[in-house]
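To start, the structure itself, in structure tokens.
In our numbering, the protein residues as written are 7 to 178.
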């Protein structure tokens, strides 16, 4: 199969491509986890969770390899609020706000989540959506623990729990 170069003409096309990839990624993970849990139960889920944690750790080590380090949560929040990753995340969760409370506390709030919307489209129950959120946040938490080993992650509110927002507090 011959690969094709994709030529993106403008910011709108770039945003649409990122949204498509995020939706596709969420749907694939949703269908995969559902099928694995139906066949293997909690053992299957735990294997996926461990893989997601390893991916989070790998992402953090890649940052270090590129010389990117953070002295504080404030610095981390500023990096993700202004870098390409911040832009990508704000497209995936368009109503996202990262609040830098102090040097040692960052609060991430989403009022809309493309992943949850996609899981609704494919008919996953709230319990499964919570498990999928745990996988995504678990990977991010593992990533954060590589940077800030003493981190505390508090999932105050989650959309799949019936809250109108996701509010995650990171404290060091």
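Note that CB positions come from ideal geometry on N, CA and C, so glycine has one too. All figures in this text were calculated on a predicted structure; none of them were measured in a lab.
Closer than 7 Å: residue i CB and nearest the ligand SAM heavy atom
i, result
"residue 117", "The ligand SAM is not part of this structure, which contains no ligands at all."
Among the options, the one whose alpha carbon lies nearest that of residue i
i, options, result
"residue 169", "60, 117 and 72", "117"
"residue 154", "23, 176 and 120", "176"
"residue 134", "157, 151, 167 and 152", "167"
"residue 31", "128, 158, 159 and 151", "128"
"residue 157", "109, 69 and 23", "109"
"residue 27", "143, 106 and 120", "120"
Inter-residue spacing [alpha-carbon to alpha-carbon] between residue i and residue j
i, j, result
"residue 139", "residue 75", "26 Å"
"residue 51", "residue 178", "28 Å"
"residue 149", "residue 73", "16 Å"
"residue 19", "residue 124", "20 Å"
"residue 94", "residue 25", "Low local confidence applies: a pLDDT of 46 at residue 94 is under 50, so the model's placement there is unreliable, with the coordinate-based value given in what follows. Looking at the two C-alpha atoms, the distance is approximately 9 Å."
"residue 41", "residue 77", "41 Å"
"residue 159", "residue 47", "26 Å"
"residue 71", "residue 64", "10 Å"
"residue 23", "residue 172", "24 Å"
"residue 68", "residue 49", "29 Å"
"residue 145", "residue 29", "18 Å"
"residue 131", "residue 43", "13 Å"
"residue 122", "residue 37", "13 Å"
"residue 143", "residue 126", "19 Å"
"residue 61", "residue 45", "24 Å"
Beta-carbon contacts of residue i that lie in its chain and below 6 Å, excluding the five residues immediately before and after
i, result
"residue 161", "174"
"residue 80", "106 and 109"
"residue 147", "159"
Close beta carbons around residue i, own chain, < 8 Å, minus the five adjacent residues each side
i, result
"residue 141", "35, 39, 54, 55 and 58"
"residue 136", "164, 166 and 167"
"residue 90", "Since pLDDT at residue 90 reaches only 43, below the 50 mark, its modelled position is unreliable, and the value read off the structure follows with that caveat. Around residue 90: no qualifying Cβ."
Residues near residue i by beta carbon distance below 7 Å, same chain, minus five either side
i, result
"residue 107", "113"
Integer Cβ distance of residue i from residue j, believed to fall under 8 Å
i, j, result
"residue 152", "residue 66", "3 Å"
Go through the stretch 11 to 85 residue by residue and report every complete run of the alpha helix (DSSP H) that reaches 4 residues or more, in order.
-> As far as the stretch 11 to 85 is concerned, its whole alpha helix (DSSP H) runs of at least 4 residues are 17 to 71.
Where are the alpha helix (DSSP H) runs, 4 residues long or more, that stay fully inside the stretch 120 to 161, in chain order?
-> If we require 4 residues or more, the alpha helix (DSSP H) runs fully inside the stretch 120 to 161 come out as 120 to 127 and 132 to 153.
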